[in-house]
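Participant:
In full-length UniProt numbering, the protein residues as written are 1 to 85.
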């Protein structure tokens, strides 16, 4: 894991959901300034039981409100209860 330079901020951060939650909880990164959140293979993450971590990141980890950020989920399929209407 590359932690060098995170204190100065980054334009793009790529991490697994578990690693991201860990870095946030250890105050290594903050999501307060996030403008775009992209989750690739989101259907597979949900199938593998990562819904709790994804919801934790999006709903409770200092993430800006919906109007201040864009969330993009990339997947072939999504369960109905996950789809935004």
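Think of the CB as a built atom: it goes at the ideal place given N, C-alpha and C, for glycine as much as any other residue.
1. Are the CB atoms of residue 16 and residue 43 within a distance shorter than 8 Å?
2. With respect to the alpha helix (DSSP H) encompassing residue 38, which residues constitute its N-terminal and C-terminal limits?
3. For residue 24, count neighbouring C-beta atoms within 10 Å of its own C-beta (all shown protein chains included) and say buried if the count is 16 or more, exposed if not.
4. Can you list, in chain order, the residues of its chain with a C-beta nearer than 8 Å to that of residue 54? Leave out the 5 residues immediately preceding and following it.
5. Straight-line CA distance for residue 69 to residue 26?
Facilitator: Taking the geometry as given:
1. Against the chain shown, residue 43 aligns to sequence position 43. Against the chain shown, residue 16 aligns to sequence position 16. For residue 43 and residue 16, no; Cβs fall outside 8 Å.
2. Taking the chain shown and counting its residues from 1, one reaches residue 38 at position 38. From DSSP, residue 38 is part of no alpha helix (DSSP H) but of the beta strand (DSSP E) over 36-39.
3. For the purposes of this step, residue 24 is identified with residue 24 of the chain shown, where counting begins at 1. Of the residues assessed, residue 24 falls on the buried side of the cut-off, its CB having 16 or more other CB atoms within 10 angstroms.
4. As a working mapping, residue 54 is identified with position 54 in the chain shown. These residues qualify, in order along the chain: 17, 39, 42, 45, 46.
5. Position 69 of the chain shown, counting from 1, holds the residue named residue 69. Position 26 of the chain shown, counting from 1, holds the residue named residue 26. Rounded to the nearest angstrom, the two C-alpha atoms are 23 Å apart.
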